[in-house]
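Engineer:
Number of protein chains: 4
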Amino acid sequence: MKGTPPVKRALFEEDHEQFRELATEFNTREVSGKYAQWEKDHQIPREVWQSAGENGLLGLAVPEEFGGMGIDDYRFRVVLDEEFVRAGHLAVALAFHLHDDLVLPYLLAYGSDELKAKWLPRMVDGSTITSCAFTEPGAGSDLRAVRTKAVRDGEDWLLSGQKTFIGNGAFGDAAVVLARTDAESGRATESSFSLFMVERSEGYTNGNPFDKMGLRASDTAELFFDEVRVSDADRIGEVGQGLRYVKEQLPQARLAIAVAAAAIGTASFDQALEHAKNRSTFGQALTQYQNTRFELANLKTESHVTQTFVDQAVLAFNNGELDAHEAAEVKLWASESAKELSDKALQIHGGYGYIMEYPIAQSFTAARLLTIFGGTSEIMRETIGRAL
Amino acid sequence: MKGTPPVKRALFEEDHEQFRELATEFNTREVSGKYAQWEKDHQIPREVWQSAGENGLLGLAVPEEFGGMGIDDYRFRVVLDEEFVRAGHLAVALAFHLHDDLVLPYLLAYGSDELKAKWLPRMVDGSTITSCAFTEPGAGSDLRAVRTKAVRDGEDWLLSGQKTFIGNGAFGDAAVVLARTDAESGRATESSFSLFMVERSEGYTNGNPFDKMGLRASDTAELFFDEVRVSDADRIGEVGQGLRYVKEQLPQARLAIAVAAAAIGTASFDQALEHAKNRSTFGQALTQYQNTRFELANLKTESHVTQTFVDQAVLAFNNGELDAHEAAEVKLWASESAKELSDKALQIHGGYGYIMEYPIAQSFTAARLLTIFGGTSEIMRETIGRAL
Amino acid sequence: MKGTPPVKRALFEEDHEQFRELATEFNTREVSGKYAQWEKDHQIPREVWQSAGENGLLGLAVPEEFGGMGIDDYRFRVVLDEEFVRAGHLAVALAFHLHDDLVLPYLLAYGSDELKAKWLPRMVDGSTITSCAFTEPGAGSDLRAVRTKAVRDGEDWLLSGQKTFIGNGAFGDAAVVLARTDAESGRATESSFSLFMVERSEGYTNGNPFDKMGLRASDTAELFFDEVRVSDADRIGEVGQGLRYVKEQLPQARLAIAVAAAAIGTASFDQALEHAKNRSTFGQALTQYQNTRFELANLKTESHVTQTFVDQAVLAFNNGELDAHEAAEVKLWASESAKELSDKALQIHGGYGYIMEYPIAQSFTAARLLTIFGGTSEIMRETIGRAL
Amino acid sequence: MKGTPPVKRALFEEDHEQFRELATEFNTREVSGKYAQWEKDHQIPREVWQSAGENGLLGLAVPEEFGGMGIDDYRFRVVLDEEFVRAGHLAVALAFHLHDDLVLPYLLAYGSDELKAKWLPRMVDGSTITSCAFTEPGAGSDLRAVRTKAVRDGEDWLLSGQKTFIGNGAFGDAAVVLARTDAESGRATESSFSLFMVERSEGYTNGNPFDKMGLRASDTAELFFDEVRVSDADRIGEVGQGLRYVKEQLPQARLAIAVAAAAIGTASFDQALEHAKNRSTFGQALTQYQNTRFELANLKTESHVTQTFVDQAVLAFNNGELDAHEAAEVKLWASESAKELSDKALQIHGGYGYIMEYPIAQSFTAARLLTIFGGTSEIMRETIGRAL
Ligand SMILES: Cc1cc2nc3c(=O)[nH]c(=O)nc-3n(C[C@H](O)[C@H](O)[C@H](O)COP(=O)(O)OP(=O)(O)OC[C@H]3O[C@@H](n4cnc5c(N)ncnc54)[C@H](O)[C@@H]3O)c2cc1C
Ligand SMILES: Cc1cc2nc3c(=O)[nH]c(=O)nc-3n(C[C@H](O)[C@H](O)[C@H](O)COP(=O)(O)OP(=O)(O)OC[C@H]3O[C@@H](n4cnc5c(N)ncnc54)[C@H](O)[C@@H]3O)c2cc1C
Ligand SMILES: Cc1cc2nc3c(=O)[nH]c(=O)nc-3n(C[C@H](O)[C@H](O)[C@H](O)COP(=O)(O)OP(=O)(O)OC[C@H]3O[C@@H](n4cnc5c(N)ncnc54)[C@H](O)[C@@H]3O)c2cc1C
Ligand SMILES: Cc1cc2nc3c(=O)[nH]c(=O)nc-3n(C[C@H](O)[C@H](O)[C@H](O)COP(=O)(O)OP(=O)(O)OC[C@H]3O[C@@H](n4cnc5c(N)ncnc54)[C@H](O)[C@@H]3O)c2cc1C
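Residue numbers (the UniProt record's numbering), protein chains in the order written: chain A, 1 to 388; chain B, 1 to 388; chain C, 1 to 388; chain D, 1 to 388.
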């Protein structure tokens with residue numbers, strides 16, 4: 001009988017810790033000191049993606065034949081996320097998450113070899129930055145309301161419509177687009193939608209990056225498709241299976257957010273503890289105040305609890321045993337927990353918590369997205385509740 | 001790499017499930033239908049203890065040489081607790097918890113062979129019901145304020161003082177008593193206290209069972225010691241080491257409460273779901289209401305989260321790796337969680353939740369004790385906070 | 001411009017304070033020291049009702065011509081409630097609440113002079129103890145599901161059916177009963193129900209008092225009507241207007257619970273403060289601990305907030321300006337607040353909070369009813385939400 | 001007997017509503033459509049201050065002899081705050097708050113006629129923008145740790161030190177500065193500090209505006225004083241009375257934040273309701289979902305509760321009856337409530353809540369400051385707790 005202590009993590013092995021060093025170095029070398037400027041620009045520079053590619057931080061799951069390392073152990077992604085979060089470089093975590101957790105799985109699972117050969121190497125080396133373009137002004141929680149349409153035109157498709165809130169949308173090169181492929185019939189059904197890998201080309205434009213509350217270095221923008229020509233070879237999987245594919249990939253999409261959320265919770269605690277130890281008021285360190293100590297004890301405990309739950313989910317996912325409902329529980333819990341933990345940790349920072357250069361302000365504003373993005377907490381509860 | 005799915009439990013093996021059947025049968029045969037009367041009497045009848053003894057439900061950890069089965073896998077205690085909780089027989093869980101988790105570990109860890117030979121067989125067969133008598137009117141969170149004293153008198157000790165809130169206190173036969181053994185010196189120090197196994201005898205009296213909010217079938221009472229003669233052979237471990245022993249046994253004491261708490265959380269969810277499925281208002285089942293569904297989704301998720309954390313702690317404890325600080329986190333989290341979950345589950349029961357014959361009313365009132373008993377949540381936070 | 005300070009209450013005038021003294025004396029003389037026994041008996045003795053009648057504490061709003069004092073200033077009822085709560089005699093508050101806030105308003109508003117002449121004097125002098133019998137096993141939140149029926153039989157009605165959770169049900173003398181008066185037609189409509197004042201007589205029986213979590217001195221029981229003969233003169237208002245009457249009286253029903261809830265919140269704070277000042281651990285009073293101080297500060301603040309809101313509602317009600325939706329907000333807020341405040345205040349009591357002889361245990365268990373009884377919090381939210 | 005209904009506000013009279021129109025027009029004309037740019041600039045343009053001055057929106061309490069309107073009814077300030085908040089122009093509310101609630105009261109209460117004559121007209125007409133400069137890197141909650149010092153130099157004082165988090169700091173013209181006037185003696189005492197009105201002049205510099213989470217149009221910056229020469233005529237009140245003055249003005253400082261907080265709570269509810277009514281998912285408006293309706297019901301209720309409490313405090317303040325402890329309760333409650341309400345209202349907005357152009361994103365990020373700024377919630381609890 002082998003036990004994982006509840007508070008000492010036993011998730012990682014030697015390899016992961018080595019990869020962690022790589023990630024830490026990348027953060028220090030490529031991001032620290034530059035991130036504040038990226039926030040103003042609402043952009044992570046293209047060179048950074050390329051450098052990430054060179055360092056093997058992109059497209060982890062891409063098989064060797066397509067230029068990747070074929071890592072199917074999700075713990076490496078966990079390590080990466082944790083390091084970006086720890087460093088307060090949350091928008092980088094988000095940008096890479098979209099690329100690796102949202103776009104990549106569709107290509108890997110349903111893409112033809114041709115499609116893979118075309119896209120995967122470019123995603124691995126960071127030369128192509130990708131988006132996942134599902135949401136529309138009239139279709140967020142409810143993807144069946146998607147109205148972007150792809151209409152057959154000879155060997156190609158003509159794609160028209162509008163997407164919104166698309167991460168890597170303003171500066172990305174290509175997007176997985178969910179579009180209706182039976183626009184001529186009336187109300188959409190389960191099999192009305194298909195997925196396409198769409199490259200920036202004529203008719204593919206974008207709005208300015210939104211002015212977001214947090215994660216400002218990540219560009220989130222509207223996309224407009226005006227009869228964009230898409231080769232049928234860039235169709236992902238079968239026609240009419242788009243919604244099914246989206247559902248099948250929910251476990252990873254949700255787990256990935258939970259992983260980031262747990263990392264935010266843990267980082268929040270760490271930052272609050274650090275601040276409390278070093279900050280004095282009325283002649284004593286904040287840790288001398290019982291209330292601060294109790295708050296820190298709560299933070300520590302809840303961050304352990306959440307981490308334990310998420311870590312178990314990571315192992316289950318690795319074993320192919322995490323279904324969408326379970327992933328909904330993990331996403332719901334971890335994102336709500338990150339929101340709460342970062343809020344309490346921020347309070348311990350006093351006024352400093354309100355200034356964006358402090359990592360806790362980054363954590364707090366990032367956490368606020370997590371209960372919305374990738375399926376709101378309400379949608380998670382509905383999902384869990386329906387399966388009761 | 002072996003993963004435990006986050007929501008499907010992987011704690012138990014074949015043996016535990018067999019033991020569970022035994023426990024279920026015991027509940028059905030010996031408790032169900034009688035429990036309400038025990039609540040009025042504030043007493044679990046002696047025969048029930050004996051029957052439990054016969055069925056191998058008491059003194060699990062007692063080595064074979066002292067009449068037990070030498071089970072050092074804590075998961076069997078978990079099974080037992082869960083079954084009492086599931087059936088709504090929480091006071092039995094509490095009574096046996098005191099016997100097996102609070103009294104027994106002291107005898108096993110520090111008792112002489114003579115002491116073990118005298119007490120353990122009687123604890124295993126249920127003929128002797130034991131209490132753990134630490135708390136006093138002036139000493140709850142702060143055991144250093146204990147004033148009950150044991151004074152040397154030849155080969156024996158004379159024990160005098162008052163204890164309060166002692167479970168199995170009114171109908172028990174013997175108690176582990178924490179007493180000062182250097183009463184003559186002034187302020188108590190770390191080494192002022194010792195533990196004794198004290199049998200009901202002259203000078204050992206008790207008050208009436210308290211009228212408690214819940215767990216009414218368990219008798220909780222004051223104990224009065226008026227020069228009770230205790231043989232030195234009934235001293236547990238060394239003189240002056242009482243407080244140290246208490247600290248050393250904190251992991252099990254805390255974990256045990258967390259285990260019961262997690263079981264209460266899970267049972268609360270189960271009961272709420274059951275009720276919601278079967279109860280209709282305005283022509284539809286409660287599960288048809290989105291709010292009810294969302295509440296149930298929250299309950300389900302949080303009960304999984306808490307169970308996962310506690311299960312990991314059980315495995316750690318089995319491996320000898322759960323220290324007192326970690327156990328404090330587990331106790332804090334699980335007891336607060338039980339309080340919240342049982343409260344929300346009760347609400348779903350409407351008026352029925354307020355009637356003690358419903359298991360949820362039992363769960364709710366039991367849960368309210370768990371953040372107080374065995375170290376309050378504040379003491380847990382202080383413990384965790386001091387170690388930051 | 002005249003302002004009511006937010007934290008110093010300005011609700012009461014001279015008269016009310018005089019009435020308060022009367023109420024305090026009544027509590028001291030008639031209830032204290034006896035209440036614990038009533039809890040065991042699940043009964044407030046009949047003499048107590050009569051003494052209350054003699055002291056002018058019952059039927060406050062009954063006009064002088066029917067033996068009352070015609071007090072239409074609700075603040076006198078507030079005073080009475082507050083005094084019972086403060087003393088920890090919550091079941092008396094509940095019993096009188098049913099009599100004065102739930103039964104009386106129907107008689108006053110819709111009763112014929114004959115009906116008033118028959119019932120009001122007996123309610124004022126305490127010789128008749130009344131119940132409000134609406135809820136049924138299959139009809140709680142949803143009164144349209146009531147199946148108790150009254151069938152015309154000459155000049156009389158024959159009443160048959162079952163009610164449950166009826167306060168003063170086991171030892172009361174008469175009940176306002178909501179019954180269907182068009183049982184012969186199929187599905188009930190808004191005008192299917194009527195109200196009757198039903199006296200204990202042949203065919204009118206009751207179950208044993210329920211074993212409740214709290215408020216044990218108040219008897220809550222099932223009522224069974226087996227062709228109980230009710231004179232048409234005991235019909236309250238018009239046939240078919242029962243549901244309308246119930247709706248019209250919602251403001252008072254809800255406000256009354258909010259008043260008790262606010263009193264419980266305030267009393268909880270007072271009791272916690274008192275306990276914290278007098279209890280020491282580790283050599284200092286609990287008020288020396290920052291966490292305890294912060295908790296007390298929260299309790300104090302929230303109890304002021306809630307009291308302010310409820311007091312404003314009382315004034316609005318006095319002015320005839322509190323509608324059912326507003327009353328729903330007041331009931332929702334105050335009852336949830338009482339639940340939370342009494343829970344936190346209990347925690348400050350440590351183990352003592354779990355023992356029913358402590359007022360805080362009474363407050364806590366009483367508060368748990370308030371979010372259920374008289375319309376659950378969910379029904380309040382639905383009411384408010386529908387009116388958005 | 002005159003009652004204020006709990007949910008229909010009765011705070012305002014005719015005059016206030018007229019003033020409200022003025023405020024609304026000002027918002028529409030001078031702020032709307034320009035605010036997003038000010039956020040980028042971290043600056044409210046000087047013309048806006050002047051226009052506000054012309055419209056009588058600045059220096060409300062300034063007596064007529066000094067160019068003002070001598071409004072001592074605080075409800076006019078309430079109106080103004082509410083209008084800025086409703087429009088989502090929260091940084092303007094903050095900027096004017098600093099000017100009118102934090103700087104002005106010191107001048108009015110303790111300033112010599114000469115001082116008043118010099119400063120008040122310029123504050124009323126908006127030609128001088130003022131700051132309140134108390135906080136330092138080492139002195140936030142604990143003002144006794146202030147190290148900025150003013151040293152006598154002939155008729156003048158030489159001011160040296162560093163302030164931080166100073167609102168209107170980068171673009172303001174003058175600041176009330178709290179400085180030690182007995183720097184030569186060792187540890188500071190209650191009478192070590194004095195207040196000065198310090199104009200921008202040689203040695204008075206500032207840092208760049210901080211990149212704040214919210215309220216970005218308001219510039220918050222560090223101030224550096226390097227032997228800034230301050231005429232003794234610009235001393236406010238007596239030497240050594242600085243801390244006493246600060247304490248005396250706490251009621252207004254705290255109340256003002258509570259007023260803004262209540263307005264944020266109310267606006268959050270309004271915005272969420274508006275959004276929920278107009279947004280559809282899965283073919284129905286969000287208000288059709290029970291969970292959304294319940295959340296809105298909670299928001300509505302709590303916003304009423306908080307507003308009622310704050311309104312009572314405003315009346316008490318107008319009557320000179322709001323002391324610093326009571327104001328602490330009001331500030332604590334209202335700011336925590338704003339945080340919670342804006343968070344829940346944001347969630348109802350889905351992804352839109354995360355985009356700064358939506359008023360709810362402005363409310364949420366502004367609310368996060370309110371439990372920190374002007375005395376943290378912890379300091380409020382300490383204040384209340386100490387006075388128990
Ligand atoms: C910064 C940011 C980045 C994003 N990145 C991407 C991206 O890269 N790609 C992409 O495709 N999308 C992206 N999104 C979109 C995101 O996934 C959606 O915002 C999210 O799914 C919610 O959709 P919505 O905003 O339309 O909210 P809505 O669906 O309009 O929901 C509004 C509110 O109603 C609630 N609600 C909806 N339906 C129900 C129901 N049935 N019952 C109860 N409550 C309900 C929701 O929980 C929410 O509280 C991003 C969003 C943001 C803000
Ligand atoms: C039903 C029941 C059964 C029990 N069974 C047993 C038993 O079998 N054997 C036994 O020995 N004991 C038993 N107890 C006692 C129980 O363990 C104690 O009640 C508990 O440890 C708390 O002690 P106290 O009641 O004296 O509270 P106190 O120590 O007086 O604490 C009062 C409050 O102050 C808080 N507090 C105390 N110190 C601090 C601090 N330093 N900082 C901040 N807050 C503080 C506490 O958290 C609590 O909220 C039982 C109690 C109950 C109610
Ligand atoms: C101690 C006690 C004393 C009482 N005294 C009296 C009395 O004197 N006279 C009397 O007539 N009654 C009395 N009652 C009954 C009380 O008013 C009801 O219990 C209460 O109205 C709730 O009804 P229910 O118990 O049938 O719950 P249900 O109506 O079955 O509700 C169960 C749960 O479902 C929720 N729910 C129901 N409908 C909805 C919906 N549409 N949307 C979302 N959630 C929903 C409820 O909020 C609750 O959480 C008493 C009850 C108790 C416990
Ligand atoms: C955007 C912004 C605008 C501001 N504008 C101004 C302005 O115009 N003028 C000005 O003078 N100031 C201004 N401030 C400063 C503000 O008032 C302070 O930030 C605030 O008083 C808290 O001080 P601090 O940041 O130093 O936190 P600290 O005092 O360091 O507190 C850190 C944490 O410790 C807690 N803590 C501190 N002491 C105790 C204790 N005894 N017990 C328990 N917990 C404790 C606090 O509650 C907080 O959670 C502004 C701040 C911000 C962020």
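All C-beta atoms, glycine included, are put in the ideal place defined by N, C-alpha and C.
Would you check if there are 3 or more beta carbon pairs closer than 8 Å linking the segment 233-249 of chain A to the segment 306-321 of chain A?
Structural biologist: With the cut-off at 8 Å, the segment 233-249 of chain A and the segment 306-321 of chain A do not touch.
Engineer: Are residue 124/D and residue 48/D closer than 7 Å when you measure CB to CB?
Structural biologist: Here residue 124/D refers to the residue found at position 124 when the fourth sequence is read from its first residue. Here residue 48/D refers to the residue found at position 48 when the fourth sequence is read from its first residue. It is not a contact, given that the beta carbons lie outside the stated cut-off.
Engineer: Taking residue 271/A as the reference, which of 74/A, 10/A, 372/A and 360/A has the closest Cα?
Structural biologist: Position 271 of the first sequence, counted from the first residue, corresponds to residue 271/A. Minimum Cα distance to residue 271/A is reached at 360/A.
Engineer: Mapping DSSP to helix, strand and coil, what is residue 158/D?
Structural biologist: Your numbering for residue 158/D matches position 158 in the fourth sequence. Residue 158/D: strand per DSSP, three-state reduction.
Engineer: Does the beta carbon of residue 390/C sit closer than 7 Å to a beta carbon anywhere in chain A?
Structural biologist: In the structure as shown, chain C begins at 1 and stops at 388. Residue 390/C is therefore absent and cannot be evaluated.
Engineer: Counting only C-beta atoms, is residue 162/C closer than 7 Å to chain A at any point?
Structural biologist: Here the question's residue 162/C lines up with position 162 in the third sequence. So, not an interface residue.
Engineer: Using Cβ-Cβ distances below 9 Å, what residues of the UniProt domain "Acyl-CoA oxidase/dehydrogenase middle" (132-228) of chain C are close to chain B?
Structural biologist: Flagged, chain order: 135, 138, 139, 140, 141, 142, 144, 145, 164, 165, 210, 211, 212, 213, 214, 215 and 220.
Engineer: Show which residues of chain A have a CB atom less than 9 Å away from the CB atom of residue 340/B.
Structural biologist: Here residue 340/B corresponds to residue number 340 of the second sequence, with the count starting at 1. None at all; the shortest Cβ gap to chain A is about 13 Å.
Engineer: Quick check on the DSSP output: the beta strand (DSSP E) that includes residue 204/B runs from which residue to which?
Structural biologist: Position 204 of the second sequence, counted from the first residue, corresponds to residue 204/B. Residue 204/B -> beta strand (DSSP E) spans 204-206.
Engineer: For residue 26/A, decide whether its Cβ has a neighbour in chain D, counting only Cβ atoms nearer than 7 Å.
Structural biologist: The sequence position of residue 26/A within the first sequence is 26, counting from 1. Not closer than 7 Å to any Cβ of chain D, the Cβ of residue 26/A fails to qualify, so no.
Engineer: If we define contact as Cβ-Cβ less than 7 Å, is residue 354/B a contact residue for chain C?
Structural biologist: Residue mapping note: residue 354/B aligns to position 354 of the second sequence, counting from 1. For residue 354/B, the answer is yes, since a Cβ of chain C falls inside 7 Å of its Cβ.
Engineer: Where does the unbroken beta strand (DSSP E) through residue 147/B begin, and where does it stop?
Structural biologist: Taking the first residue of the second sequence as 1, we reach residue 147/B at position 147. It is not in any beta strand (DSSP E) - residue 147/B carries neither H nor E in the DSSP assignment.
Engineer: Between residue 269/C and chain D, is any beta-carbon pair separated by less than 7 Å?
Structural biologist: On the third sequence, residue 269/C is found 269 positions in, with the first residue counted as 1. Closer than 7 Å: no.
Engineer: Using beta carbons (cut-off 7 Å, strictly below), is residue 372/A in contact with chain D?
Structural biologist: Within the first sequence, residue 372/A is the residue found at index 372, counting from 1. Taking Cβ atoms only, chain D reaches closer than 7 Å to residue 372/A, which makes this a yes.
Engineer: So which residues of chain B does residue 291/D contact, with C-beta pairs closer than 9 Å?
Structural biologist: Reading the fourth sequence from its first residue, position 291 is the one you call residue 291/D. Those within 9 Å of residue 291/D in chain B are 290, 291, 293 and 294.
Engineer: Would you mind working out which of 226/A, 244/A, 386/A and 197/A sits nearest residue 191/A, comparing C-alpha positions?
Structural biologist: Here the question's residue 191/A lines up with position 191 in the first sequence. Closest option to residue 191/A, Cα to Cα, is 244/A.
Engineer: Contact defined as beta carbons within less than 8 Å: I believe residue 388/B pairs with residue 130/A. What is the distance between those atoms, to the nearest angstrom?
Structural biologist: Mapped onto the second sequence, residue 388/B falls at position 388. Mapped onto the first sequence, residue 130/A falls at position 130. So it is not a contact: roughly 42 Å between Cβ atoms.
Engineer: Exposed or buried, residue 367/A, counting other C-beta atoms within 10 Å across all chains shown (16 or more means buried)?
Structural biologist: As a working note, residue 367/A is residue 367 in the first sequence. The residue is buried, with at least 16 neighbouring Cβ atoms inside 10 Å.
Engineer: So does residue 350/A have its beta carbon nearer than 6 Å to some heavy atom of ligand 4?
Structural biologist: Within the first sequence, residue 350/A is the residue found at index 350, counting from 1. Yes, the Cβ of residue 350/A comes within 6 Å of a heavy atom of ligand 4.
Engineer: Just mark residue 82/D as buried or exposed, buried being the case when its beta carbon has 16 or more other beta carbons within 10 Å.
Structural biologist: Working through the fourth sequence from its first residue, we reach residue 82/D at position 82. With 16 or more other Cβ atoms within 10 Å, it is buried.
Engineer: Is there contact here, the segment 252-269 of chain A with the segment 333-343 of chain A, by at least three beta-carbon pairs under 8 Å?
Structural biologist: At 8 Å Cβ cutoff, the stretches touch.
Engineer: Shortest alpha-carbon distance to residue 112/C belongs to which of 133/C, 98/C, 197/C and 14/C?
Structural biologist: As a first step, residue 112/C must be located in the third sequence, where it is residue number 112. The candidate whose alpha carbon is nearest that of residue 112/C is 197/C.
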